[in-house]
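Student: My questions will all concern the structure given below.
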Ligand code: PLP
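Residue numbers (full-length UniProt numbering): 12 to 453.
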């Protein structure tokens with residue numbers, strides 16, 4: 012099927028395949044679709060950057076998450092990738108959602124998700140966004156300060172509050188604790204203030220930092236939460252929700268790291284929140300679900316060769332996407348990810364140290380801090396980057412007038428009637444026609 016052209020109904024008589032979705036052949040991957048698209052574009056001068064998202068990957072990630080952490084209900088972090096297709100598939104699979112703002116709440120509620128399946132997990136919220144949550148019945152709100160309690164008492168006294176704890180996150184690639192989280196000492200004061208204001212604190216949350224490198228951060232944070240549960244109960248709060256946040260690794264090849272993390276988390280939960288304790292456990296994974304959904308294809312738009320002192324030949328490649336587009340977070344990664352070169356080359360081409368620049372006039376606009384080793388390439392050649400689904404399109408800007416890369420969404424037709432795999436969480440709303448294309452599946 013030529014890209015972008017809708018296929019006819021795929022084995023579901025009477026149903027129409029959504030024209031925005033590419034129908035994957037059995038076994039076909041996003042990478043193969045990207046190659047086809049590159050081939051189509053190779054005769055044209057319009058070689059704009061693009062991504063291909065295989066939505067079926069979300070189903071396998073969801074299965075892996077639920078199998079590894081059977082007591083934990085995932086509330087997907089919308090900030091990671093807020094595409095409507097990603098959200099629709101996750102809704103169909105039955106996840107909850109972690110929203111950070113009014114726009115995200117609006118987006119998720121607009122899909123028909125019950126407010127009980129949403130946590131508004133930004134501890135520092137604008138008043139108007141709190142009022143929006145109140146109007147729409149999104150009750151779970153996180154907080155970590157006295158000032159937030161004052162705002163909630165005034166604008167949403169019926170909220171069910173979740174106290175966000177500080178964590179030790181120095182080993183995460185993207186630490187968060189400098190900005191968010193209350194220390195254990197502060198928790199006691201906050202729990203008392205909440206009681207005095209007549210507010211209900213129903214649980215605790217934490218975030219070990221995104222792309223966490225050590226599962227022991229989870230162990231310590233879960234133990235801290237248990238202490239805060241005891242404090243909260245002593246102040247008369249009905250503590251019944253533990254939110255273990257995000258931080259799980261994503262991308263291809265992260266499975267062993269994730270399995271080890273899950274093992275440590277399960278053991279910590281068994282110790283501090285054993286089964287039968289009546290505590291509902293949720294998490295806010297983002298990267299784990301979204302990273303491996305997308306591959307990105309970018310084109311070389313300019314090139315320079317530099318001879319450094321000592322005779323070292325270095326190449327500067329200028330690509331049509333960069334730091335202000337889908338590579339926003341990569342300057343903060345310790346190691347660059349080496350792209351796949353889409354070009355026929357001799358079997359063992361010489362490699363050169365290369366700096367990859369983005370297309371804007373800002374010299375800071377590099378893809379990675381470090382050089383990558385690549386062969387000699389030309390203007391017009393393509394590079395493909397795997398595992399580009401997390402914090403990419405959701406962070407893109409139009410700086411210097413470069414529009415965000417477009418995304419082609421693809422899926423195997425047999426997956427279109429994905430079924431929610433976990434119907435047992437009391438936090439979930441009643442399933443209402445859980446099909447990817449509502450009402451269209453037999
Ligand atoms: N929850 C909150 C409150 C966050 O700030 C983030 C990311 O910054 C996430 C969840 C998702 O984290 P991750 O993508 O590491 O799973």
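Using N, Cα and C, we set each Cβ at its ideal position, and we do this for glycine too.
Give a yes or no on contact between the stretch 380–387 and the stretch 38–55, applying the rule of three or more CB pairs nearer than 8 Å.
Tutor: No contact exists between the stretch 380–387 and the stretch 38–55.
Student: Going by the DSSP bridge assignment, what does residue 364 pair with across the sheet?
Tutor: DSSP output for residue 364 lists 384 as bridge partner(s).
Student: Looking at residue 236 and the ligand PLP, is the gap between the Cβ and the nearest heavy atom below 6 Å?
Tutor: Result no, Cβ not under 6 Å from the ligand PLP.
Student: My understanding is that residue 75 touches residue 109, with C-beta atoms under 8 Å, so please give their C-beta distance in whole angstroms.
Tutor: The Cβ separation is near 19 Å, so there is no contact.
Student: Could you have a look at residue 221 and say whether DSSP puts it in helix, strand or coil?
Tutor: Residue state, collapsed to three classes: strand.
Student: Going by the DSSP bridge assignment, what does residue 454 pair with across the sheet?
Tutor: What the structure shows of the chain is the stretch from 12 to 453, and residue 454 is not part of that stretch, so it cannot be assessed.
Student: Can you have a look at residue 31 and say buried or exposed, based on whether 16 or more other CB atoms are within 10 angstroms of its CB?
Tutor: By the 10 Å Cβ count, residue 31 comes out exposed.
Student: Which same chain residues, not among the five before or five after residue 376, have their C-beta less than 7 Å away from its C-beta?
Tutor: Closer than 7 Å at the Cβ level, and outside the excluded window around residue 376, lie 333, 334, 335, 368 and 369.
Student: Measure from the alpha carbon of residue 166 to the alpha carbon of each residue in 45, 148 and 44, then state which is nearest.
Tutor: Cα-wise, what sits closest to residue 166 is 148.
Student: Are the Cβ atoms of residue 305 and residue 64 separated by less than 7 Å?
Tutor: Cβ atoms of residue 305 and residue 64: closer than 7 Å.
Student: What runs of the beta strand (DSSP E), each 3 residues or longer, lie entirely inside the stretch 65–132?
Tutor: The stretch 65–132 contains these whole beta strand (DSSP E) runs: 83–88, 107–110 and 129–131.
Student: Which of the three DSSP states is assigned to residue 239 in this structure?
Tutor: Helix.
Student: Drop a sphere of 10 angstroms on the beta-carbon of residue 260, count the other beta-carbons inside from all chains shown, and report buried for 16 or more, exposed for fewer.
Tutor: Residue 260 comes out buried.
Student: Could you have a look at residue 49 and say whether DSSP puts it in helix, strand or coil?
Tutor: The answer is helix: DSSP assigns residue 49 an H, G or I state.
Student: Mind checking whether the beta-carbon of residue 91 lies closer than 6 Å to any heavy atom of the ligand PLP?
Tutor: At least one heavy atom of the ligand PLP is nearer than 6 Å to the Cβ of residue 91, so yes.
Student: Alpha carbon to alpha carbon, how far is residue 414 from residue 144?
Tutor: Roughly 32 Å separates the two Cα atoms.
Student: Rank 426, 58, 51 and 251 by C-alpha distance to the C-alpha of residue 390 and give the top, closest one.
Tutor: Of the candidates 426, 58, 51 and 251, the one whose C-alpha sits nearest the C-alpha of residue 390 is 58.
Student: Let's see if you can read the secondary structure: which residues bound the alpha helix (DSSP H) around residue 318?
Tutor: No alpha helix (DSSP H) contains residue 318, which is instead part of the beta strand (DSSP E) from 305–318.
Student: Hey, quick one: how far does the alpha helix (DSSP H) through residue 171 stretch, first residue to last?
Tutor: Unbroken run through residue 171 is the beta strand (DSSP E), 171–175; no alpha helix (DSSP H).
Student: List the whole-angstrom C-beta distance separating residue 337 from residue 272, where the pair is believed to meet the contact cut-off of C-beta under 8 Å.
Tutor: With 8 Å as the limit, residue 337 and residue 272 do not qualify as a contact, their Cβ atoms being about 26 Å apart.
Student: Kindly indicate which three-state DSSP category residue 214 falls into: helix, strand or coil?
Tutor: Note: residue 214 maps to strand in three-state DSSP.
Student: For a test of the three-state rule: what should DSSP assign to residue 323, helix, strand or coil?
Tutor: Reduced to three states, the DSSP call for residue 323 is coil.
Student: Under the three-state reduction of DSSP, which class applies to residue 416: helix, strand or coil?
Tutor: Looking at residue 416 - three-state DSSP - the assignment turns out to be coil, as it is neither helix nor strand.
Student: I need the DSSP call for residue 404, collapsed to helix, strand or coil.
Tutor: Here residue 404 sits in helix by DSSP.
Student: Runs of 3 residues minimum, wholly inside the stretch 141–197: which ones carry the beta strand (DSSP E) assignment?
Tutor: Those beta strand (DSSP E) runs which fall completely within the stretch 141–197 and span 3+ residues are 151–154, 171–175 and 183–185.
Student: Taking the C-alpha atoms as reference points, what is the distance between residue 392 and residue 353?
Tutor: Approximately 7 Å between the Cα atoms of the pair.
Student: Taking the alpha-carbon positions, what's the residue 247 to residue 150 distance?
Tutor: Using only the alpha carbons, I get a separation of about 19 Å.
Student: Between the C-alpha atoms of residue 68 and residue 91, what's the straight-line distance to the nearest angstrom?
Tutor: Between residue 68 and residue 91, the C-alpha separation is close to 15 Å.
Student: Check whether the stretch 203–210 and the stretch 262–278 are in contact - that is, three or more C-beta pairs closer than 8 Å.
Tutor: Segments in contact, no.
Student: Is any heavy atom in the ligand PLP found nearer than 6 Å to the beta carbon of residue 260?
Tutor: Checking every heavy atom of the ligand PLP against the Cβ of residue 260, none is found closer than 6 Å.
Student: DSSP three-state call for residue 390: helix, strand or coil?
Tutor: If DSSP states are grouped into helix, strand and coil, residue 390 belongs with coil.
Student: Helix or strand or just coil, what does DSSP make of residue 202?
Tutor: Residue state, collapsed to three classes: helix.
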